[in-house]
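J.:
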Amino acid sequence: MASISPPKTTINYIKRITSYFFWGWDKEKKKYHWASWETLSFPYEEGGIGVRKLEDICTAMQFKQWWTFRTKKSLWSQFLRAKYYQRANPIAKKWDTGKSLIWKYMMKNKTLIEPHITWKVHSGNNLFWWDDFLGEGQLAHHCDNTTSLNNTPVSYFIENGTWNETLIRQEVPPLLIPKILRCRIHYQAGVEDTTVWKPNENGVFSCSSAWNICRKKKDSNTLNKLIWHTQIPFKISFILWRALSSKLPTNEKITTFGAAPASCSCCNRPGNDEINHIFVNGNFANYIWKYFFAPCGIQHDQIYLRHYTMLGLKPH
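Quick note: to get my numbering, add 137 to the position in the sequence shown (first position is 1).
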């Protein structure tokens, strides 16, 4: 269990080793890292290269830990119940100093994962105030007089397979009554209520969907997704990604490190070595574009690499 909650120093050490391997070494010295691991750790369409942050993977696994704890009756969950919440509901519990690191992460992550868990009512064995069967959060959070010790089951409010409206009107705040009465009961005597993972259409938990919840997100971009086509080798997509992100050792970059501008290899003039000159409007690039565009009847009149990338990769 400790393997999915490693110390930050351990995570940073693994990330550093991975980063050194990815960017490579030159004569026993590490090469310059043109992008941080955080920048790379986004999906293709959000401007990354598809790798995942270790912190997010660990958090997704911790989400699975809470899901297993909430949905399965195992020896492990029984042990946690006996140790940490013999009477009170775990949703209402807080982490206290001296309790285990596993329980600390579970208490920390429950507020993030619980809004994505709902329950389908069958026999009503779940808790009325603490298990979200409406899909709008625990009812206890909408009531001032409900304590963590109130473990009334849903079945208490069910009569002959339907809601006991009289009892609900006696004990539930007025604003919640219509929502509860509209909630469908899939009544089956003796069948335990089932959990539903809302991010997946099939209702089954997956670490991939949990990762998508806990990770940091950026705006999606069509161009970013196009350059990572399955038929394009990784090294080609990566060099194109670096070019579009201005993460190549061109004059405009190396001069910021205090180095003198290098001469352009195609024009033999200093100062012209920048991304669009190299790939689009330099002497050599001009020749290549015209050579391949002429038979297709396409005019070479663009000056930015981004325009040609969209032109060449967009679906036709």
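Heads up, the beta-carbon is just placed ideally off N, CA and C, and yes, glycines get one too.
Using the C-alpha atoms, what's the distance from Ser156 back to Tyr150?
T.: The count along the sequence shown starts at 1 and reaches residue 150 at position 13. The count along the sequence shown starts at 1 and reaches residue 156 at position 19. Looking at the two C-alpha atoms, the distance is approximately 10 Å.
J.: Helix, strand or coil, according to DSSP, for Asp193 in the structure here?
T.: By one-based count along the sequence shown, residue 193 stands at place 56. Here Asp193 sits in helix by DSSP.
J.: Secondary structure at Lys167, three-state DSSP: helix, strand or coil?
T.: Taking the sequence shown and counting its residues from 1, the one referred to as residue 167 is at position 30. Lys167 falls in the strand class under three-state DSSP.
J.: Per the DSSP calculation, Trp300 is bridged to which residue(s)?
T.: Here residue 300 corresponds to residue number 163 of the sequence shown, with the count starting at 1. Answer is Ile295.
J.: If we ignore side chains and look at the alpha-carbon of each, how far apart do Lys384 and Lys390 end up?
T.: Reading the sequence shown from its first residue, position 247 is the one you call residue 384. Reading the sequence shown from its first residue, position 253 is the one you call residue 390. Taking the straight line from one Cα to the other gives about 8 Å.
J.: When the distance is taken between beta carbons, is Ser292 closer than 8 Å to Ser260?
T.: Your numbering for residue 260 matches position 123 in the sequence shown. Your numbering for residue 292 matches position 155 in the sequence shown. Contact: yes.
J.: Of the residues Ser140, Tyr222 and Lys353, which one's Cα is nearest the Cα of Glu175?
T.: Counting from one through the sequence shown, the residue named residue 175 turns up at place 38. Checking every option, the nearest Cα to that of Glu175 belongs to Lys353.
J.: If you compare alpha carbons, which of Trp334, Ala396, Asn282 and Ser211 is closest to Gly272?
T.: As a first step, residue 272 must be located in the sequence shown, where it is residue number 135. The candidate whose alpha carbon is nearest that of Gly272 is Trp334.
J.: Please classify His278 as buried or exposed, where buried requires at least 16 neighbouring CB atoms within 10 angstroms.
T.: The count along the sequence shown starts at 1 and reaches residue 278 at position 141. When all chains shown are included, His278 counts as exposed.
J.: Under the three-state reduction of DSSP, which class applies to Trp348: helix, strand or coil?
T.: Locating residue 348 in the sequence shown gives position 211, where the first residue counts as 1. Trp348: helix per DSSP, three-state reduction.
J.: Whole angstroms are fine: how far does the CA of Pro180 sit from the CA of Ser374?
T.: Here residue 374 refers to the residue found at position 237 when the sequence shown is read from its first residue. Here residue 180 refers to the residue found at position 43 when the sequence shown is read from its first residue. Near 14 Å, if we compare the C-alpha coordinates of Pro180 and Ser374.
J.: Using the DSSP secondary-structure output, state which residues sit across from Trp84 in a beta bridge.
T.: Only positions 138 to 453 of the chain appear in this structure, which leaves residue 84 out of reach.
J.: Rounding to the nearest angstrom, what Cα-Cα distance links Ile364 and Ala380 in this structure?
T.: On the sequence shown, residue 364 is found 227 positions in, with the first residue counted as 1. On the sequence shown, residue 380 is found 243 positions in, with the first residue counted as 1. If I take the Cα positions, the gap works out to 11 Å.
J.: Report all residues from its chain with a CB closer than 8 Å to the CB of Pro290; omit the five preceding and five following residues, and keep chain order.
T.: For the purposes of this step, residue 290 is taken as the residue at position 153 of the sequence shown. Taken in chain order, the residues that qualify are Gly261, Asn262, Asn263, Leu264 and Phe265.
J.: Measure the alpha-carbon distance for Pro144 versus Lys236 and round it to whole angstroms.
T.: Here the question's residue 144 lines up with position 7 in the sequence shown. Here the question's residue 236 lines up with position 99 in the sequence shown. Answer to the nearest angstrom: the Cα atoms are 17 Å apart.
J.: Here's the rule: buried if 16 or more other CB atoms are within 10 angstroms of the residue's CB, otherwise exposed. What is Phe429?
T.: Your numbering for residue 429 matches position 292 in the sequence shown. Its Cβ having fewer than 16 others within 10 Å, Phe429 is exposed.
J.: For the putative contact between Lys247 and Trp203, defined by C-beta atoms under 8 Å, what is the C-beta separation to the nearest angstrom?
T.: Position 110 of the sequence shown, counting from 1, holds the residue named residue 247. Position 66 of the sequence shown, counting from 1, holds the residue named residue 203. Between Trp203 and Lys247 the Cβ distance is about 6 Å, and since that is below 8 Å, they are a contact.
J.: Specify the secondary structure class of Trp267 as computed by DSSP and reduced to three states.
T.: Along the sequence shown, read from residue 1 onward, the residue named residue 267 stands at position 130. Three-state DSSP puts Trp267 in coil, outside helix and strand.
J.: Can Tyr242 and Lys230 be called in contact, C-beta distance under 8 Å?
T.: Locating residue 242 in the sequence shown gives position 105, counting from the first residue. Locating residue 230 in the sequence shown gives position 93, counting from the first residue. No.
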